[in-house]
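Under this note's numbering, the first residue of the sequence shown is numbered 20, with each subsequent residue one higher.
Note that CB positions come from ideal geometry on N, CA and C, so glycine has one too.
Quantities reported herein were computed from a predicted structural model and do not represent experimental measurements.
A quick write-up on the structure given underneath.
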Amino acid sequence: MLALLIDGPNLIRRVFAGVPDTASDRAEAVLTACSASLRRALRQHHPSHVVLAMDCDGPGWRAGEYPDYKKNRPGMPDDLRCWLPDILDAMAELGGPALAAAGFEADDVIATIAAKVVAANGQVAILSTDKSFCQLVGPGTRVFDHFSGIEHDRRWIVDRFGVGPEQLTDLLALAGDSSLGVPGIRSVGVHTAAKLLHDHRDLAGVVEAA
């Protein structure tokens with residue numbers, strides 16, 4: 020079994036951004052480009068199962084824990100929101116049904132399914148440019164940037180962040196994530212966080228040594 024888990028908001032918004040707003044029929048162009056992206060993914064990965072994971076409507080549980088979460092990130096453009104039902108219908112017809120869960124983001128849906136598939140001795144291919152998925156890389160789980168064609172494997176993650184997938188959550192806890200509006204420790208960036216984790220193994224070790 021190979022489950023292809025697609026970060027729907029990531030793919031659809033990137034496709035939308037790549038279609039010029041001067042296009043005579045931008046709605047049709049976006050729908051066509053999204054469908055083409057899914058067809059290409061199906062050809063490349065030959066999955067037995069496909070899920071197009073989507074965010075829930077309204078704020079999720081993270082905003083409840085931290086109100087400034089994604090506070091400065093722009094919402095979905097109105098045009099794209101209007102076209103989204105047609106896009107999701109078209110992708111479902113191609114074999115990529117959408118799945119969302121109340122209170123959760125696409126990330127949560129993908130991580131949950133990935134864990135269950137791997138536990139059942141299956142394989143997972145995740146399509147997203149979101150670095151948060153890199154923490155899932157390991158036996159049975161691979162992450163691909165669909166647009167660049169690059170696999171975010173262990174070597175790529177170490178080269179990019181200075182730590183392996185198993186330390187990425189702790190690294191982001193120390194350094195923060197500006198794309199999500201989540202601050203880290205003052206004066207601690209990615210490189211400093213990576214050094215601290217090399218020296219002390221994990222976040223608990225860093226705190227204990229402080």
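Count the other CB atoms within 10 Å of the CB of residue i; is the residue buried (16 or more) or exposed (fewer)?
i: E124; result: buried
i: I169; result: exposed
i: D44; result: exposed
i: A117; result: buried
i: S56; result: buried
i: V226; result: exposed
i: V195; result: First, the amino acid is wrong: residue 195 is Gly here, not Val. Result: buried.
i: D87; result: exposed
i: H217; result: exposed
i: P184; result: buried
Whose C-alpha, out of the options, is nearest the C-alpha of residue i?
i: A138; options: A144, G159, D127, Q154; result: G159
i: H210; options: A46, Q154, R179, G200; result: R179
i: K90; options: G195, L199, A228, L57; result: L199
i: V182; options: A212, L21, R33, I31; result: A212
i: D149; options: A229, G157, I176; result: I176
i: P96; options: D172, P202, A111, D40; result: D40
i: R33; options: A192, F166, G203; result: F166
i: Q186; options: A144, V136, V156, F163; result: V156
i: V38; options: D26, A52, N29; result: A52
Taking 8 Å as the limit between beta carbons, can you name the residues of its chain near residue i, skipping five residues before and five after?
i: G122; result: C75, G79, W80
i: L50; result: W102, D105, I106, A109
Once the 5 residues before and after residue i are set aside, which same chain residues still bring their CB inside 6 Å of it?
i: M20; result: S67, G141
i: L99; result: F35
i: H64; result: L23, A144
For the ligand MG, I want to know if residue i counts as a neighbour, meaning its beta carbon is within less than 7 Å of at least one of the ligand's heavy atoms.
i: V209; result: In the structure shown, the ligand MG is absent, as is every other ligand, since no ligand is present at all.
Please return the same chain residues whose Cβ sits closer than 7 Å to the Cβ of residue i, not counting the five positions on each side in sequence.
i: A46; result: W102
Could you check how far apart the C-beta atoms of residue i and residue j are, in whole angstroms? I think they sit under 8 Å.
i: L146; j: L23; result: 7 Å
Exercise. Any chance you could list the alpha helix (DSSP H) runs of at least 4 consecutive residues sitting entirely within the region 99-181, in chain order?
Key: 125-138, 173-180
Quiz prompt | Runs of beta strand (DSSP E) wholly within the region 51-95 (minimum 3 residues, chain order) | solution = 68-72
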